[in-house]
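One line per chain: the protein sequences are A, B, C and D, in this order.
The numbering used here puts the first sequence at residues 1 to 327.
The numbering used here puts the second sequence at residues 328 to 654.
The numbering used here puts the third sequence at residues 655 to 984.
The numbering used here puts the fourth sequence at residues 985 to 1314.
C-beta: ideal position from N, C-alpha, C; glycine also.
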Amino acid sequence: MPVMTYIQAITTALREEMQRDKKVFILGEDVGKKGGVFRATDGLYEEFGEDRVLDTPLAESAIAGVGIGAAMYGLRPVAEMQFADFIMPAINQIISEAAKMRYRSNNDWSAPITIRAPYGGGVHGALYHSQSVEAIFANQPGLKIVMPSTPYDVKGLLKAAIRDNDPVLFFEHKRAYRLLKGEVPADDYVLPIGKADVKREGEDITVITYGLCVHFALQAAEKLAEDGIDAHILDLRTVYPLDQEAIIEAAKKTGKVLLITEDNKEGSIIGEVAAIIAEHCLFDLDSPIQRLAGPDIPSMPYAPTMEKFFMMNPDKVEKAMRDLAEY
Amino acid sequence: MPVMTYIQAITTALREEMQRDKKVFILGEDVGKKGGVFRATDGLYEEFGEDRVLDTPLAESAIAGVGIGAAMYGLRPVAEMQFADFIMPAINQIISEAAKMRYRSNNDWSAPITIRAPYGGGVHGALYHSQSVEAIFANQPGLKIVMPSTPYDVKGLLKAAIRDNDPVLFFEHKRAYRLLKGEVPADDYVLPIGKADVKREGEDITVITYGLCVHFALQAAEKLAEDGIDAHILDLRTVYPLDQEAIIEAAKKTGKVLLITEDNKEGSIIGEVAAIIAEHCLFDLDSPIQRLAGPDIPSMPYAPTMEKFFMMNPDKVEKAMRDLAEY
Amino acid sequence: MLENRHRELGLSDEEVMEMFKTMLLARKLDERMWLLNRSGKIPFAISCQGQEAAQVGASFALNREKDYVAPYYRDMGVVLAFGMTAKELMLSSFAKADDPNSGGRQMPGHFGQKKNRILSGSSPVTTQLPHAVGVALAGKMEKKDFVSFVTLGEGSSNQGDFHEGLNFAGVYKLPVITMVENNKYAISIPYERQVASKNVADRAESYGMPGVTVDGNDPLAVYQAVKEARARAAAGDGPSLIEAVSYRLTPHSSDDDDSTYRGKSEVEEARKKDSIITFANYMRETNILTDDKEKLLVDEIMGIINEATDFAENAPYAEAEHALKYVYEE
Amino acid sequence: MLENRHRELGLSDEEVMEMFKTMLLARKLDERMWLLNRSGKIPFAISCQGQEAAQVGASFALNREKDYVAPYYRDMGVVLAFGMTAKELMLSSFAKADDPNSGGRQMPGHFGQKKNRILSGSSPVTTQLPHAVGVALAGKMEKKDFVSFVTLGEGSSNQGDFHEGLNFAGVYKLPVITMVENNKYAISIPYERQVASKNVADRAESYGMPGVTVDGNDPLAVYQAVKEARARAAAGDGPSLIEAVSYRLTPHSSDDDDSTYRGKSEVEEARKKDSIITFANYMRETNILTDDKEKLLVDEIMGIINEATDFAENAPYAEAEHALKYVYEE
Ligand SMILES: Cc1ncc(C[n+]2csc(CCOP(=O)(O)OP(=O)(O)O)c2C)c(N)n1
Ligand SMILES: Cc1ncc(C[n+]2csc(CCOP(=O)(O)OP(=O)(O)O)c2C)c(N)n1
Ligand SMILES: [Mg+2]
Ligand SMILES: [Mg+2]
């Protein structure tokens, strides 16, 4: 099976979907000639031409809004926000328009747009190139939010997002782009949006997380295994709407739960995960529901001292997992 | 003590603050000559003139952004968003700018702006005049979100918001505007932002909520009292950052907790409340943490059948409280 | 020679009559909705009154078989011209299950009907503009020959989406026509406190497209401007901006009291230019309309409206649990 | 008569020399930052190169004792002119604790310094424009006589905040000057794919304010335009839009490779108009600059830069826990 990086999986999924369906097209800032500032759309302009890989003006609300219009017509736009931090000007179009299109028209219209954006820290990106923005959207029925952790998941989920008949936000961890490699089947497969995935079976403690933190947890689990602690790791993959069933099952399995996000803590995705567990399987728990997250400050600073202080890493995760195991 | 409506308490607080401090001014759509579409700024244009009650162009990002600039200079802008639903175009200014101003400048600059907006349903406002939008902002350190439930709290908290040296979102339940009346001292008082308030002492079950739902809970509590069930009711008042201590104390007090919001459920404020409890006092609980909320649909429809289906009311609250008491 | 005006534009007497009928139907429906609101039968009404000429004049200049429209809340004239029926509009006003716009989920004025290529609209103003641009982009990509048409108020032309959407259309030279219905007020805010440019049409230059200000009380003037814009769009010459100036004859909505911010005399003055009167005069002068014909027309329209009202009033609401449907594809 | 140009504008030889010194300091600092980046000492650099003339020419036309500025990330020339020192800029590049812009919290180019009335900026483009309008509003409300000055790139002029902010300024006739530094590219996107109007200055009409396009490589032309705009603002005649056209001589940032989207020859062509060269020529022709003076100047500047670099490199980072401070007032 071919091995590729996280970002290659993105480019591959985009290319294959564009080959498969003429209605799929890309729009965003610098996605054409330059191939994207991270080169996620590298080579697509050359292959599909400027009519299907559109370099747009610097205007995120237009990128989203024009994309929504094209989607209403019946095309399959894949819009890129250059950084997740710059999705803010497009929020009105995403929340007021895309999310509510099907509902407000009583199923007459729909807006099958995919909006991709690189998020996350650890890249010296400072306050405005490091944010996790998913929580802003994770209370908006009509939206789906996908945050894959592996190249395999990336390809299957990005294809699923593009084929989905409703709007999907697809957040890619920018630190994962070139850091993570993995096997990715050459064939055409899709993975189900809305389903979490057990990335490691274990009996002693349950870790529920998503994105880059999945890898930190997997690394830590190997170390814990040396000490006979067996961690069960659930990758949410879709952070909205959450896969309640999988969360409940994973929590019940060990009775000790650690939730991890790279986002700052209060109001993050893992609050909702904790609430689901507290609502449905409180009496199956042997310890309080632990949360490991960034501090409640406005994203991570530029200076390496402060960035490191904020950013999640394997050591922080390992420590939290050990603490929980010892509870 | 004077008795006034919820909206009169708003107008009173605005008037008194403008009298007290020449740096306080109001800007927004139709806030001047017309006195606001809900008449929250009624009479202020006449009293303070067009230089301090500014009718702005129809542009929310400018209302927020110009307000932030004036606040950076040292004025005290109170911006009105005509409906909370229309705050979306201003989110970039609120989250990227106001929330991060002090932090990003290492305490050199600040943005002491108050942004008021009527939210909530039950007024035949349909999808775009009924939303609860607080969850969108409740993951953004640097912001404070106040959602008062009584005329007394309105006056004290709005004054506190205006005097606060950081940005405050002040969400007013539009159904409460003329529905709710209460005693409001004539003197100048402020209430602490960031502190929850026990609205009813009780021993059997704990209800934690905010906004209009506080009243539904209080009404239901009276009925339950007739059957010997004694409810403890905590009004969050500030929904971000949350008053963790008060939440923990209230949850521990009875060991049975019901959380209520008018918002749709997944990703709402009460998820974080549940997480705090599950993290800090899980073993003090005698029942799973219950959540009562709107269904996960994009706000409430216009047709009365469907609006009623969504909207919180005393009956739904009473039923949930009884169910919990019987657990 | 008055007589020449519509003929010169290539419009037959019958077409002019059809235009007037659509304008009058919109006006009378609108008036009925206010009555229903004032008698407590519907919770909300928002008007096209004063803007029917612009709406209908523009629509008739489009290809009503294939063009797409993204109307705003006052555009009863546009949606009627594009095939929505009085009954359907009444179902929406009564928030009934069979309302094709939203099944009673949205307030009246939030139009949408796929079969007639009327894009679904929302409340936050101006969001529809980039949608119309997106539809035009799709048409261009698929080499279709339709154009898209989008409207909004002059106040709404100050939203960021106006700027971003029109610049996108200008850069990509897309077949989209934007018509700003300048009715001189945005709720209580008069033009001078709202828009910094002399005319809204002046903004066209910012987007490299032609901009023209026309008399929004004159359906033929609007027809002509939109016709020309459509020809340009169809020829691949890109987008246009049209400003149709008229006056909002009613309060902003049934929730508004306009006496707090404008004088009665100003409204009375504007009523003299009401297109329902002035266009009828033109049609009389050109012998298209007679007293007899007008009486017949009004009777027909009132019949339609009465029937629509009865029908909608007696139609069922959606069931409560229907609220749970169509959040996502099912 | 070349000699007359700066004198005609009321600028003394000393002032012109001071302008050039500021431009050169900006250029040399910028070049040093690239070297530091390429040698792995600082993670990121973003350039003013090619825009120094516009930045410094504009700043000198303002009142640097009382006006407020809201610069964008390339505006090293503006912040130097407004009192930020080379040391302070280097502290920012090295992300050190004493960086006055952000204490090392923000990337370089995110300027802000209250004592010099430099508004704190962020990364999302164009958000600073409404802030500058708000400062101008505050000044007007408090009857102060300062103006506010805001800059942005031509690509950024397509954001909604440009439209909303300038319309607000136009309606309220506020003393704010907006200068668009049109360097022909927004990362990889050339002007034609970005801005639908012929010139960015054409957009002024949308906001009822004068708009002018000037040669951004000529500090005196920019000086004159800003001087006039400031006089208008101070006289209560409201806002202005100025477009200063030059060229981005470097890649977008240290993370960019511009060879993927533009030719070397195009860049070489633009270098011929580099203001650091052309303005020096003007100063030679007007006998302000001589080889001796230039050598002294360069030596002085390199001394400043070396000292600033050493100082900043050896300065401490903020402690890790400092990250927790100043979320709210303490
Ligand atoms: C983003 C947004 N802000 C505020 C409102 C509330 N609102 C509804 S209509 C309106 C005025 C619109 O004026 P204009 O664009 O001139 O259209 P008109 O109603 O005059 O036809 C306002 C402020 C809204 N619908 N959307
Ligand atoms: C809202 C937003 N979207 C995207 C970006 C990423 N970005 C940074 S600079 C830039 C190009 C800016 O071009 P222009 O305005 O012409 O300024 P220049 O860099 O050419 O000086 C882009 C797209 C951003 N900073 N903010
Ligand atoms: Mg209007
Ligand atoms: Mg540029």
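Problem - Y845 of chain C: first and last residue of the uninterrupted alpha helix (DSSP H) it sits in - result: Y845 to Q848
Handout entry: Residue environment, N139 of chain A, which counts as buried when at least 16 other CB atoms sit within 10 Å
Key = buried
Practice task
Specify, as a first and last residue, the run of the alpha helix (DSSP H) that L496 of chain B falls within.
Solution key: No alpha helix (DSSP H) holds L496 of chain B; the beta strand (DSSP E) holding it covers V495 to H500.
Problem - Interface residues of the segment 620-648 of chain B facing chain D [CB-CB below 7 Å] - result: none
Exercise for the section: Check whether the Cβ atoms of A1260 of chain D and R1011 of chain D sit closer than 8 Å, and answer yes or no. Expected result: The sequence shown places Ile at residue 1260 of chain D, not Ala. Cβ distance < 8 Å, so I1260 of chain D and R1011 of chain D count as in contact.
Handout entry: Three-pair Cβ contact test at 8 Å for the segment 1055-1063 of chain D versus the segment 1000-1016 of chain D
Key = yes
Exercise for the section: Output the distance between the C-alpha atoms of G182 of chain A and I7 of chain A, rounded to the nearest integer angstrom. Expected result: 11 Å
Practice task
Please report the residue range of the alpha helix (DSSP H) in which K1327 of chain D lies.
Solution key: Only positions 985 to 1314 of chain D appear in the structure, and residue 1327 of chain D is not among them; the question remains open.
Exercise for the section: Measure the C-alpha to C-alpha separation of A135 of chain A and N264 of chain A and round it to an integer number of angstroms. Expected result: 10 Å
Handout entry: Cutoff 8 Å: Q848 of chain C Cβ touching any chain F Cβ
Key = Absent here is chain F; the protein component of the structure consists of chains A, B, C and D.
Handout entry: Three-state class that DSSP yields for M985 of chain D in the structure shown
Key = Bear in mind that a pLDDT of 47 at M985 of chain D, under 50, signals an unreliable position, so the number given afterwards is only what the model happens to contain. Residue state, collapsed to three classes: coil.
Handout entry: Reduced DSSP category for R1246 of chain D - H, G, I as helix; E, B as strand; rest coil
Key = coil
Practice task
Please confirm whether any heavy atom of ligand 4 lies closer than 7 Å to the CB of R1232 of chain D.
Solution key: yes
Practice task
Determine the direct distance from the alpha carbon of G1222 of chain D to that of F309 of chain A, and round the result to whole angstroms.
Solution key: 47 Å
Practice task
Could you spell out where the beta strand (DSSP E) holding Y722 of chain C opens and where it closes?
Solution key: Y722 to A724
Practice task
Measure the beta-carbon distance from V393 of chain B to L1121 of chain D and round it to whole angstroms, keeping in mind my assumption that it falls under 8 Å.
Solution key: 6 Å
Exercise for the section: Taking only the alpha-carbon atoms, compute the straight-line gap between K34 of chain A and Y1175 of chain D and give it to the nearest angstrom. Expected result: 15 Å
Handout entry: Proximal residues, the segment 1208-1223 of chain D versus chain C, C-beta separation under 7 Å
Key = none
Exercise for the section: Please go through the same chain and pick out, in chain order, the residues whose beta-carbon is closer than 6 Å to the beta-carbon of A875 of chain C, but skip the five residues on each side of it. Expected result: V868 and D869
Exercise for the section: For M655 of chain C, decide whether its Cβ has a neighbour in chain B, counting only Cβ atoms nearer than 8 Å. Expected result: Any reading at M655 of chain C must be qualified, since the residue scores a pLDDT of 46, below 50, and its modelled position is unreliable; the value itself is stated next. Chain B, which has no Cβ nearer than 8 Å to the Cβ of M655 of chain C, makes this no.
Handout entry: Min CB distance H817 of chain C to chain D below 8 Å
Key = yes
Practice task
Specify the secondary structure class of S459 of chain B as computed by DSSP and reduced to three states.
Solution key: coil
Handout entry: Beta-carbon neighbours of K1098 of chain D, restricted to chain B and to distances below 8 Å
Key = S432, D435 and W436
Exercise for the section: Please find out if some non-hydrogen atom of ligand 2 comes closer than 7 Å to the beta-carbon of F86 of chain A. Expected result: yes
Handout entry: Near ligand 4: E29 of chain A beta-carbon under 7 Å from a heavy atom
Key = no
Handout entry: Where the beta strand (DSSP E) through G819 of chain C begins and ends
Key = No beta strand (DSSP E) contains G819 of chain C, which is instead part of the alpha helix (DSSP H) from G814 to V825.
Exercise for the section: Taking only heavy atoms of ligand 1 into account, decide whether any of them is closer than 7 Å to the Cβ of G807 of chain C. Expected result: yes
Practice task
For the alpha helix (DSSP H) holding S1259 of chain D, just list the boundary residues, first then last.
Solution key: S1259 to E1269
Handout entry: Three-state secondary structure (DSSP) of L791 of chain C
Key = helix
Practice task
Tell me whether M176 of chain A counts as near ligand 4, meaning its Cβ is closer than 7 Å to at least one heavy atom of that ligand.
Solution key: A small fix is needed here, since residue 176 of chain A is Ala in this sequence, not Met. No, the beta carbon of A176 of chain A sits no closer than 7 Å to any heavy atom of ligand 4.
Practice task
Figure out for me which residue from B:G621, B:Y654 and B:K646 has the closest Cα to the Cα of S459 of chain B.
Solution key: B:G621
Exercise for the section: Return yes when at least one heavy atom of ligand 2 lies under 7 Å from the C-beta of P77 of chain A, else no. Expected result: no
Exercise for the section: Could you tell me which residues DSSP pairs with I325 of chain B in its beta bridges? Expected result: Lying outside 328 to 654, the shown extent of chain B, residue 325 of chain B is not represented and no answer is given.
Exercise for the section: Within 10 angstroms of the Cβ of Q813 of chain C, are there 16 or more other Cβ atoms? Answer buried if so, exposed if not. Expected result: buried
Problem - Buried versus exposed call for E245 of chain A [16 or more other C-beta atoms within 10 Å across all chains shown] - result: exposed
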